[in-house]
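Just so you know, the protein sequences line up as chains W and F, in that order. Be aware that the first sequence starts at 2, since it is given in our numbering, and climbs by one per residue. Be aware that the second sequence starts at 11, since it is given in our numbering, and climbs by one per residue. Notes to accompany the following structure.
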Amino acid sequence: MIYLYIDTSSNYLYSSIVKDNTILGEICEEYGQSLSKVALPRIVSMFEENNIKPNDITNIVVINGPGSFTGIRIGITIAKVFAWSLNIPITTMTSLEAMSLSVEDEKIHVPIINARRGYVYAAIYNKDKELLSPQHIKIDELKKHVKKYDNVEYISNDEFDENFNLIEYRPNFLKIINNSKNKKSINPHMVNPEYLKLTAAEESKI
Amino acid sequence: MKDMYILGIESSCDETSASIVKNGTEEISTVISSQIDIHKDYGGVVPEIASRQHVKNITIVIEECLEKANMGIEDIDAIAITYGPGLIGSLLVGLEAAKTLAFIYDKPLIPVHHIAGHIYANSLVKELKFPLLAIVVSGGHTEIIKMTEHYKFEKLGGTLDDAIGECYDKVARVINLEYPGGPKIDKLAKIGNKSYKLPIPLQDDSYNFSFSGLKSAVINLVHNENQRGEEIRTADLAASFQDVAISSIITKVKKAIINEGIKNVIVAGGVAANSGLRDAMEKLTEELNVDLSIPPMKYCTDNATMIAAAGYYAYLDGRIAGLDLNSKSQDTLV
């Protein structure tokens, strides 16, 4: 089994090729220029460096959001074209779950992504258990939820006006891939971003 | 040379489309998924909504296109993609899909300018004759382009502000016609009288256009009439507006045909569907004795067939892109 993992939901490009339980290649880079210019070429170099051909891939795991709308679409499009055209299974995971999985300790995890204007995308996890589902939420509201728990830590690579005592996020590719094996694969045509937020035009209509 | 099958992909605005064209002239299959009903509620295309729809549609549209052609991607010789101009978020979805397919199947990736696509929609109907004048009129473009040979473009002029189609849609909104209002103005213009006086824009020596002044003139006129308690004669206003908008184009086109020794005029883009423009172009080209081609309606709106057709000539011109190809919201056709 050779897994291709893609996460373009933030200003980092995260990608990996995992064979059985070994990481063959990995990309963890903050991209300075346009994501669409660098994402596929970097992934292609990872294939080439490891002498992997596209049709060696047997499974795709892609982060479907939340995060940068354009960023998510780039990763999702690459991933669904791979899965559809090679006819291989694809599973999705939220960026927040991947963030929580990557921190290995016994604490309650609160991964957060800055959604601006006092909002974050956030969720609360106790190991594999989801205590608060991924959502677009006011920071004050989130804090009310967080108050219910002891031993909490926030995970993020973003900057915030207030001090959260953040743990930096570095993806643990093996853990993410292994966890994805518990998820059901989806018809590639139906793999779509989970923005968790309506467009401004839709919001103003409500 | 052996036959060349090109898969074209287009997602620059609100249509997700894929098409296979043989040798730049023969349409094998085309699928277009239009979002027009989704954007109707907002009175125009909402970029973020359009991007979200493209990502939902993209693989479905490409799969359907291949199925219709009874082909697999391995049977395709190259992939042509609209890289711009257009809505950046929309463009990116088609672009990533095209690049990913080019990588997986090791196919050449051909970057196609959206306007080149509109021009080459005509090569699906009849052979282009040079020197040629392409009048590109749509919701995003109003340009006069000269071509002396295949895939060599020289822009003679263009709009300095609004595109003609944009102007039509805005005027339509002012007189309460539902989006997309352009075709409705065209329809009303046929039954109205040109009884409102509107200024003819930009009567100068350039090949440029300006439509924002005309748009403002209509808005002011409607406002003033309303203030006076006069009811707007919608059909008459549509007729007056259409007359001025089209005259301003025809004047410049006439000058270009004469000055540039043009043999073939082609009209491309969504507004090529406008019957007033078609009639005026027919009259003009007959008078000056040059060939006119206007693509059938199905090639006037955005579609991937024209992208695959243009892609063939771009390929012959040696235009192959790397996987670092990026989308551009604005780009000059050269």
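For glycine and all other residues, C-beta sits at the position ideal for the given N, C-alpha and C.
Roughly how many whole angstroms lie between the Cα atoms of residue i and residue j?
i, j, result
"W:Ile168", "F:Lys225", "55 Å"
"F:Asp289", "F:Pro209", "22 Å"
"F:Ile201", "F:Gly191", "16 Å"
"W:Tyr15", "W:Trp85", "21 Å"
"W:Lys54", "W:Lys81", "17 Å"
"F:Ile38", "W:Pro194", "32 Å"
"F:Met14", "F:Thr110", "20 Å"
"F:Ile98", "F:Glu240", "43 Å"
"W:Val121", "W:Lys139", "6 Å"
"F:Lys308", "F:Ile68", "20 Å"
"F:Val228", "F:Glu176", "14 Å"
"F:Thr152", "F:Thr169", "5 Å"
"F:Leu76", "W:Lys20", "32 Å"
"F:Ile304", "F:Glu164", "20 Å"
"W:Asn60", "F:Ile89", "25 Å"
"F:Ser61", "F:Ile317", "19 Å"
"W:His190", "F:Glu235", "52 Å"
"F:Thr40", "F:Ile86", "14 Å"
"F:Ser29", "F:Ala314", "5 Å"
"W:Pro135", "W:Asn65", "12 Å"
"F:Asn299", "F:Pro141", "14 Å"
"W:Ala40", "W:Glu98", "22 Å"
Residues in its own chain within less than 6 Å of residue i by CB, not counting five upstream and five downstream?
i, result
"W:Ser101", "His110, Pro112 and Tyr126"
"W:Lys108", "Asn152 and Glu154"
"W:Ile58", "Ile3 and Leu5"
"F:Ile129", "Ala144 and Ala278"
"F:Thr311", "Gly280"
"F:Ile276", "Asn132, Ala144 and Ser303"
"F:Ser43", "Thr26, Asn67 and Val71"
"F:Ser220", "Leu170, Asp171, Pro211 and Leu212"
"W:Leu132", "Ile125"
State the beta-bridge partners of residue i as determined by DSSP.
i, result
"W:Cys29", "W:Tyr15"
"W:Phe48", "According to DSSP, W:Phe48 bridges with nothing at all."
"W:Gln136", "W:Ala123"
"F:Lys156", "F:Leu143 and F:Glu164"
"F:Phe219", "F:Thr169"
"F:Ser303", "F:Ile276"
"W:Glu154", "W:His110"
"W:Tyr6", "W:Ser17 and W:Val62"
"W:Glu131", "W:Tyr126"
"F:Ala90", "F:Gly18 and F:Ile120"
"W:Asn179", "Bridge partners of W:Asn179: none, in fact."
"W:Asn115", "W:Val121"
"F:Ala331", "F:Leu119"
"W:Ile91", "W:Ile61"
For residue i, I'd like the list of residues in its chain whose CB is within less than 8 Å of its CB, leaving aside the five on either flank, ordered along the chain.
i, result
"W:Glu160", "Asn115"
"F:Leu333", "Lys109, Ala112, Phe113 and Leu119"
"F:Glu84", "Tyr115"
"F:Ser339", "Gly94, Pro95, Gly96, Leu97, Ile98 and Leu101"
"W:Asn51", "Ile18, Leu25 and Gly26"
Which same chain residues, not among the five before or five after residue i, have their C-beta less than 7 Å away from its C-beta?
i, result
"F:Ser257", "Ile210"
"F:Ala245", "Leu198, Ile201 and Gly202"
"F:Lys139", "Lys273, Asn274 and Asp301"
"W:Ile89", "Ile58, Thr59, Asn60 and Ile61"
"F:Val103", "Ser21, Ser61, His64, Val65 and Ile68"
Chain-ordered residues of the stretch 93 to 113 of chain W with a beta carbon less than 7 Å from chain F = none
ask   = Taking a cut of 8 Å between CB atoms, which residues from the stretch 100 to 122 of chain F lie near chain W?
value = Leu102, Val103, Leu105, Glu106, Ala107, Lys109, Thr110, Leu111, Phe113, Ile114 and Tyr115
query = Taking a cut of 8 Å between CB atoms, which residues from the stretch 29 to 41 of chain F lie near chain W?
reply = none
Contact list for the stretch 62 to 84 of chain W against chain F, Cβ threshold 9 Å = Phe70, Thr71, Ile73, Arg74, Ile75, Gly76, Ile77, Thr78, Ile79, Ala80, Lys81, Val82, Phe83 and Ala84
query = Considering only residues of the stretch 12 to 87 of chain F, which uninterrupted beta strand (DSSP E) runs meet the minimum length of 3 residues and lie entirely inside it, listed in chain order?
reply = 15 to 20, 25 to 32 and 36 to 44
query = In the stretch 188 to 207 of chain W, which residues sit with their C-beta less than 8 Å from some C-beta in chain F, listed in chain order?
reply = Pro189, His190, Asn193, Pro194, Tyr196, Thr200, Ala201, Ala202, Glu203 and Lys206
request  = Identify each residue in the stretch 41 to 54 of chain W for which the Cβ-Cβ distance to at least one residue of chain F is less than 7 Å, and report them in chain order.
outcome  = Leu41, Pro42 and Val45
ask   = Unbroken alpha helix (DSSP H) runs of length 4 or more, entirely within the stretch 229 to 290 of chain F: which are they?
value = Taking only runs of at least 4 residues, the alpha helix (DSSP H) segments lying wholly in the stretch 229 to 290 of chain F are 244 to 270.
task = Return the residues of the stretch 333 to 344 of chain F that lie within a Cβ-Cβ distance of less than 9 Å from chain W, sorted by chain order.
result = Within the stretch 333 to 344 of chain F, the qualifying residues are Leu333, Asp334, Leu335, Asn336 and Ser337.
ask   = Closer than 8 Å, Cβ to any Cβ of chain W: which residues of the stretch 250 to 284 of chain F, in chain order?
value = Per Cβ criterion, the list is empty.
ask   = Relative to chain W, which residues along the stretch 47 to 62 of chain F have a C-beta separation below 8 Å, given in chain order?
value = Asp51, Tyr52, Val56, Glu58, Ile59, Ser61 and Arg62
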